[in-house]
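Next comes the structure, spelled out in structure tokens:
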């Protein structure tokens, strides 16, 4: 029988690698902010507010749920969005995302375009947003 205590054992090497890379996986990075912002806006685009809610900070969830229900009632449809700019502060724990969104309300049929700035923070090992759904109500 082979000894598992041997440091060349594949399980031992795998465990060491995971221990070395795991702390880096939980650290805030601009590329993770980019992917979080894109996933959030994809969810909004397809009207999947329940999925978008996962990116919203806990203190803003109630307001997001109320506003998203209003958007559903308005039959607002997002045609497209573009992330224009993304910046993180020196600590890497706060980010600013500038987004341009094209949308219409079914009852109007008129295409609107708004640009707005979102504030993101690194919370509980992921990027969270203080949502800004107000541009759709102007």
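Residue numbers (the numbering used here): -19 to 118. All residues carry an ideal CB built from backbone N, CA and C; glycine is no exception. Everything numeric in this text was worked out from a predicted model, so none of it was measured.
Anyone know if the C-beta pair for residue i and residue j falls short of 8 Å?
{"i": "residue 119", "j": "residue 55", "result": "A query on residue 119 cannot be resolved here, the shown segment of the chain reaching from -19 to 118 and no further."}
From the DSSP output, in three-state form, read off residue i for me.
{"i": "residue 47", "result": "helix"}
{"i": "residue 62", "result": "strand"}
{"i": "residue 103", "result": "strand"}
{"i": "residue 86", "result": "coil"}
{"i": "residue 56", "result": "strand"}
{"i": "residue 31", "result": "helix"}
{"i": "residue 91", "result": "coil"}
{"i": "residue 78", "result": "strand"}
Give me the residue from the options with the minimum Cα distance to residue i.
{"i": "residue 28", "options": "39, 57, 13, 11", "result": "57"}
{"i": "residue 71", "options": "101, 15, 31", "result": "101"}
{"i": "residue 94", "options": "116, 15, 38", "result": "116"}
{"i": "residue 85", "options": "36, 59, 37, 12", "result": "59"}
Apart from the five residues on each side of it in sequence, which residues of its chain come closer than 7 Å, Cβ to Cβ, to residue i?
{"i": "residue 67", "result": "75, 76"}
With three or more C-beta pairs closer than 8 Å as the rule, is the stretch 34 to 48 touching the stretch 73 to 87? no
Are there three or more Cβ pairs, one per stretch, closer than 8 Å when the stretch 57 to 67 is compared with the stretch 13 to 33? yes
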